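J.: First the structure, which I've put down as structure tokens, then a few questions once you've had a look.
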Amino acid sequence: METNNITVGLPRAMLYYRYRILWGVFFQELGVKTVVSGPTDRDILEQGSALAIDEACLSLKIYLGHVHALLGQCDYILLPRVSNFGHHRNMCTRFEAMPDLTKNVFRDTQQKFLTCNIDVLAGEDEEDAFLSLGRQLGFGPKAAKRAYKLAKKADQAQHKARVQKQEELSRREGLKILLAGHSYVVEDPYIGKVVTDYLKAAGVTPLRADLVEREHALKRSRELSPTCKWEISREILGGIDLRKGQVDGIILIGAFPCGPDAMVNELITRRVRGVPILNLVLDSQTGTAGVETRLESFIDIIRLKEGML
Ligand code: SF4
1 METNNITVGL PRAMLYYRYR ILWGVFFQEL GVKTVVSGPT DRDILEQGSA LAIDEACLSL
61 KIYLGHVHAL LGQCDYILLP RVSNFGHHRN MCTRFEAMPD LTKNVFRDTQ QKFLTCNIDV
121 LAGEDEEDAF LSLGRQLGFG PKAAKRAYKL AKKADQAQHK ARVQKQEELS RREGLKILLA
181 GHSYVVEDPY IGKVVTDYLK AAGVTPLRAD LVEREHALKR SRELSPTCKW EISREILGGI
241 DLRKGQVDGI ILIGAFPCGP DAMVNELITR RVRGVPILNL VLDSQTGTAG VETRLESFID
301 IIRLKEGML
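Numbering (this note's numbering), first residue to last: 1 to 309.
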């Protein structure tokens with residue numbers, strides 16, 4: 001594969017956890033180098049918190065910290081805008097505002113940004129967005145389309161393998177707890193991964209509500225809410241409906257303050273019956289000890305209920 005001298009920076013936050021294969025393979029096929037910011041740590045969170053307005057959610061603060069970590073490390077930093085995937089398939093408004101907001105925060109730097117737009121209701125789909133990325137980097141539609149097709153195939157294969165792994169885990173013996181949250185919260189090493197690691201150390205198998213076949217989950221989400229309009233929340237709702245009979249408890253894991261989660265989690269606690277639910281809202285002040293204490297008592301409650309204590 002020929003390479004050119006362009007390097008694109010990918011902030012390891014937000015949509016990175018959904019699109020890392022798609023972006024990675026796309027740029028690789030075009031011969032564009034990528035650099036990913038390091039795992040979230042206290043410095044990244046503090047830097048992002050200092051740059052964000054107080055009302056911003058924890059995920060956005062972390063995102064800005066990652067963009068800051070990439071300044072000067074690459075020619076462009078990728079800032080995608082994702083508005084919707086169609087009717088009743090919206091993303092949270094933070095994803096709509098992402099490029100404008102981030103460019104404004106870093107307006108006094110020399111950093112260049114690369115943006116694209118997914119807004120199916122306005123006639124711009126995912127493939128259009130990738131062709132636009134290619135065009136901005138000087139690649140014709142044929143090369144960009146080829147790279148996108150290969151990237152999409154790799155992305156679908158990886159998602160299928162992850163769903164398959166969840167199927168295997170769901171058949172394990174012992175306690176199983178479903179983690180229901182956005183992938184950028186659940187997988188972030190500084191916030192959500194603390195929860196996964198604690199469960200594993202306690203002998204509990206964590207499952208993921210978001211690692212399900214997406215189209216199927218979107219259809220199943222209607223069982224819990226026919227009107228929810230947020231794409232990722234609907235996938236999670238569908239994932240809960242699909243997995244609730246296979247687990248001993250559900251942890252709703254979110255980043256403070258999250259508008260979609262506030263509404264959807266309320267709905268879940270009212271509509272999902274017969275499974276203990278813990279609502280864990282993480283914020284920048286959350287200490288690991290506080291989270292661990294809540295997880296410990298939740299696991300004890302489940303074990304007590306199931307006669308295991
Ligand atoms: S869905 Fe919630 S956590 Fe995610 S970006 Fe929007 S407000 Fe933040």
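Each residue gets a CB set at the ideal place from its N, CA and C atoms; glycine is no exception.
From a predicted model like this one, the values you see are computed outputs, not experimental measurements.
For a test of your reading of the model: does the CB of H182 fall under 7 angstroms from any non-hydrogen atom of the ligand SF4? Yes or no.
T.: It does: the Cβ of H182 is within 7 angstroms (strictly closer) of some heavy atom of the ligand SF4.
J.: For A13 and K61, what's the separation of their Cα atoms in angstroms?
T.: Their backbone Cα atoms lie some 10 angstroms apart in a straight line.
J.: Pull the bridge partners of D119 from the DSSP assignment, please.
T.: The partner list for D119 (beta bridge, DSSP) reads N84, E124.
J.: Out of V82, K149, R294, which one is the CA nearest neighbour of E29?
T.: The option with the nearest alpha carbon to E29 is K149.
J.: Could you check whether the Cβ of L259 sits closer than 7 angstroms to any heavy atom belonging to the ligand SF4?
T.: The sequence shown places Gly at residue 259, not Leu. Yes - the ligand SF4 has a heavy atom lying nearer than 7 angstroms to the Cβ of G259.
J.: Which value, in whole angstroms, describes the spacing of the CA atoms of R271 and L71?
T.: Computed Cα separation, rounded: 45 angstroms.
J.: For W230, which residues does DSSP report across the bridge?
T.: In the DSSP output, where bridge partners are listed per residue, W230 has N90.
J.: Using a 10 Å radius around the Cβ and a threshold of 16 neighbouring Cβ atoms, would you call Q285 buried or exposed?
T.: Classification for Q285: exposed.
J.: Locate the beta strand (DSSP E) running through K176, then write down its first and last residues.
T.: Note, K176: beta strand (DSSP E), 176-180.
J.: Considering Cα atoms alone, identify which of D197, R222, L45 is closest to R89.
T.: That would be R222, whose Cα lies nearest to the Cα of R89.
J.: Rounded to the nearest angstrom, what separates K142 and A161 at their Cα positions?
T.: The straight-line gap from Cα to Cα measures roughly 29 angstroms.
J.: Taking the straight line between their C-alpha atoms, what separation do you get for Y190 and E213?
T.: Distance between the alpha carbons of Y190 and E213: 27 angstroms.
J.: The ligand SF4 and S59: does any heavy atom of the ligand fall closer than 7 angstroms to the residue's C-beta?
T.: Yes, Cβ of S59 sits closer than 7 angstroms to a heavy atom of the ligand SF4.
J.: Would the C-beta of C116 count as close to the ligand SF4, meaning under 7 angstroms from any of its heavy atoms?
T.: C116: no, Cβ never under 7 angstroms from the ligand SF4.
J.: Taking the continuous alpha helix (DSSP H) assigned at V186, which residues delimit it?
T.: That run of the alpha helix (DSSP H) goes 183-186.
J.: Using a Cβ distance threshold of 8 angstroms, determine whether the stretch 121-140 contacts the stretch 262-277, with at least three qualifying pairs required.
T.: No contact exists between the stretch 121-140 and the stretch 262-277.
J.: What residue range does the alpha helix (DSSP H) around K61 cover?
T.: First-last of the alpha helix (DSSP H) with K61: 58-70.
J.: Find the nearest neighbour of V32 within the set L10, Y19, G38, judged by alpha-carbon distance.
T.: When only C-alpha atoms are compared, the closest one is L10.
J.: Can you tell me which of D54, C74, P206, F85 puts its alpha carbon nearest to the alpha carbon of E167?
T.: E167 has its Cα closest to that of P206, out of D54, C74, P206, F85.
J.: Grab the span of the beta strand (DSSP E) containing T34 for me, first residue to last.
T.: Taken as a continuous stretch (DSSP letters only), the beta strand (DSSP E) holding T34 covers 33-36.
J.: If I'm right that K176 touches S170 with Cβ under 8 angstroms, what's the distance once you round it to whole angstroms?
T.: Between S170 and K176 the Cβ distance is about 7 angstroms, and since that is below 8 angstroms, they are a contact.
J.: Check the C-beta distance from C116 over to L133 and give it rounded, since I have them as a contact under 8 angstroms.
T.: Indeed, because the Cβ distance is near 5 angstroms, the residues count as touching under 8 angstroms.
J.: Just checking C92 against the ligand SF4 - is the residue's beta carbon closer than 7 angstroms to any of the ligand's heavy atoms?
T.: True, at least one ligand heavy atom lies under 7 angstroms from that Cβ.
J.: With DSSP as the reference, identify every bridge partner of F113, one or two as the case may be.
T.: Beta-bridge pairing links F113 to I77.
J.: Under 8 angstroms, do G203 and A217 count as touching if we go by C-beta distance?
T.: Not in contact: G203 and A217 (Cβ atoms no closer than 8 angstroms).
J.: Please name the residue in A97, K200, L179 whose C-alpha comes closest to that of I253.
T.: Among A97, K200, L179, the Cα nearest to that of I253 is on L179.
J.: Which one of T269, D210, G24, I232 has the shortest CA to CA distance from R243?
T.: Ranking the options by Cα distance to R243, first place goes to D210.
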